[in-house]
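Visitor: So that you can map any letter, position 190 of the sequence shown is 189 in numbering that gives the first Met the number 0, and since no number is skipped, the others follow by simple counting.
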Amino acid sequence: MADYDYDLFVIGAGSGGVRASRIAASHGARVAVAEEFRIGGTCVIRGCVPKKLLVYGSHFAEELQDAAHYGWSVEGMTFDWNVLRDTVLRDVDRLEAAYTTTLDNNKVDHFHERATVTGPHSVKLASGREITAQYILIAVGAWPVMPDFPGNEHCITSNEVFHLSSLPKRVIVQGAGYIAMEFAGIFNALGCHVTVVNRSETMLRGYDAALRDRLLQITMARGIEYKFNCPIKLVEKQVDGSLMVSVGDQDPIPADVLLIATGRRPKTDGLGLESAGITLGQGGEIPVDEYSKTACASIYAVGDVTDRVQLTPIAIREGHAVADTLFGGTLRKTHYDAVPSAVFSQPPLASVGLTEAQAREMFAGNVKIFTADFRPMKNVFASRHERGLYKLVVDAASDRVLGVHMIGPDSPEILQAVAIAVRAGLTKAEFDDTIALHPSMAEELVLMR
Ligand code: NDP
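#1: So, is Gly-332 buried or exposed, given that buried needs 16 or more other C-beta atoms within 10 angstroms?
#2: Would you give the residue range spanned by the beta strand (DSSP E) that Val-400 belongs to?
#3: Let me know the secondary structure DSSP gives Trp-80 once reduced to three states.
#4: Should Pro-455 be labelled buried (16 or more other beta-carbon atoms within 10 Å of its own) or exposed?
#5: If we count the other Cβ atoms within 10 Å of its Cβ and call it buried at 16 or more, is Glu-317 buried or exposed?
#6: Any idea which residues DSSP pairs Phe-110 with across the strands?
#7: Chain D beta carbons: is any one of them nearer than 8 Å to that of Pro-251?
#8: Mind checking Met-0: buried by the 16 CB within 10 Å criterion, or exposed?
#9: How would you call Lys-390, buried or exposed, if buried means at least 16 neighbouring beta carbons within 10 angstroms?
#10: Comparing the CB of Ser-340 with every heavy atom of ligand 1, is any distance shorter than 7 Å?
#11: DSSP state of Leu-272, grouped into three classes?
#12: Give the C-beta separation of Ser-344 and Gly-222 to the nearest angstrom, bearing in mind that I take them to be a contact with Cβ-Cβ under 8 Å.
#13: Should Met-440 be labelled buried (16 or more other beta-carbon atoms within 10 Å of its own) or exposed?
#14: Counting C-beta neighbours from all protein chains within 10 Å, is the total for Val-170 16 or more, i.e. buried, or is it exposed?
#15: Please list the terminal residues of the continuous beta strand (DSSP E) segment that includes Ser-245.
#16: DSSP has Gln-173 in a bridge; who is on the other side?
#17: Which residues mark the beginning and the end of the alpha helix (DSSP H) in which Asp-394 is found?
#18: Mind reading off the beta-carbon distance from Ile-259 to Cys-154? Whole number of angstroms is fine, and I expect it under 8 Å.
#19: Is Arg-21 buried or exposed, if buried means 16 or more other CB atoms sit within 10 Å of its CB?
#20: Would DSSP call Phe-148 helix, strand or coil?
#21: Using only the heavy atoms of ligand 1, determine whether one of them is closer than 7 Å to the beta carbon of Leu-310.
#22: Grouping DSSP H, G and I as helix and E and B as strand, with all else coil, what is Ala-296?
#23: How far does the beta strand (DSSP E) with Ala-254 in it reach, from first residue to last?
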């Protein structure tokens, strides 16, 4: 290994790259990482973290609305987007500094410039410097897809949405996936008029249908408008700076901001992988084996760039596993079964394991479904009519719980714990044996009969 400049050179200092760097260094490897933007990657800089803070910030609207029922007087409350935006951006700065400190503490060299692959053991920095390494790890993530229609230069993506100079009055969101539903919720709670337009009639593809229906119903009641089967045809900028958006065969819709949330593509363009004999997949992803090794034995790839499961905790696990495999003396894979996930819509939904439709297909219909459709007591007290919905999907033959699906207040917080039970393969009888924690929403999970 001594013939190389480094034992491991990581391209991309996001969730997967930073974890791999830190763990490899802790195993004694000489590690460097190159990052062309900011240390922390999508999750920390313009994804999960600032998004969650905006969700928290916007959720006060609901709390304040309900507060009067609990005796609080909230007259005269105002909201200032600039304060929330700037506080969030300051927190992002703080986290970036913390990530940088982590690299420094672990003696990981970091280069703040783009790096491209020039061969199985070499990379080139934008400044021209060539660096060699025994192993190279690609962890460059993904990038928002911008659909091709006239006027798309007037649109923004999740990269820009955190920096809006003012709170728009009218927002159109294209797409009905994670990012679309989360930002539709944020803007709706902050008082903007929100229209969600999607090319199909499906929202949150992959989630259980009952939860999706419930989210649609609640968010429509909250004032979000939906236009399904409506591709965007044209966006025209008006003299006052606003937008006129033509969708489907309908009348054009005026908007101040059009947020595109139509998926994220692996950021592999111009990365030089062909110099190491790596052929990209159809969506630009890097094909890897179960140890995250590419077609080139010295090059690994983790996280969104491989397009396995585009979630931060998966990138972290994959990065950690690569470091352990290469330098820790332990062959380690990442498991992809029972991966919990959540959409921080308002209300949020959370899910682990098989949906009812998936289970019916896999188990030839031999499944049992249990549901709790309830109005959380804090909603009842505040005269809020929104209902929560929890669903257990159970294998009728073995009684094993195959999936848990929830929509309602705090469902992501509750789901993380129940994901342990699903991963452990517990049965419905074991759920039933568990004593309820009263009064809580989570107790519904052990009271379904
Ligand atoms: P998603 O894949 O979740 O949703 C994409 C949406 O855009 C779908 O409604 C899809 O429609 C539509 N769409 C896809 N391609 C096109 C196109 N070419 N033209 C028009 N519409 C299109 O992507 P997001 O951008 O919302 O998020 C990207 C990824 O980031 C997610 O997959 C997720 O893994 C991750 N993420 C996770 C979060 C979390 O864990 N809470 C939060 C945010 C992002 P249709 O379904 O009808 O085909």
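Beta carbons are placed, not taken as given, at the ideal position from N, Cα and C, and that holds for glycine. On a predicted model such as this, the values are computed, not experimentally measured, just so you know.
Guide: Answer, in terms of the structure:
#1: In the sequence as displayed, the identity of residue 332 is Lys instead of Gly. Counting Cβ neighbours within 10 Å, Lys-332 comes out exposed, since fewer than 16 surround it.
#2: Segment 400-406, the beta strand (DSSP E) holding Val-400.
#3: helix
#4: Since the first residue shown for the chain is 0 and the last is 448, residue 455 is missing from the structure and cannot be characterised.
#5: Around the beta carbon of Glu-317, 16 or more other beta carbons lie within 10 angstroms, which makes this residue buried.
#6: Ala-33
#7: This model lacks chain D altogether, as it is built from one protein chain only.
#8: Unreliable positioning characterises Met-0 in this predicted model, as indicated by a pLDDT of 49, which lies under 50. A coordinate reading is not provided.
#9: buried
#10: yes
#11: helix
#12: Going by Cβ atoms, the distance from Ser-344 to Gly-222 rounds to 14 Å, so no, they are not a contact pair.
#13: Under this definition Met-440 is a buried residue.
#14: Around the CB of Val-170, 16 or more other CB atoms lie within 10 Å, so the residue is classed as buried.
#15: 242-246
#16: Bridge partners of Gln-173: Val-196, Ile-259.
#17: No alpha helix (DSSP H) contains Asp-394, which is instead part of the beta strand (DSSP E) from 387-394.
#18: 5 Å
#19: buried
#20: coil
#21: yes
#22: coil
#23: 252-254
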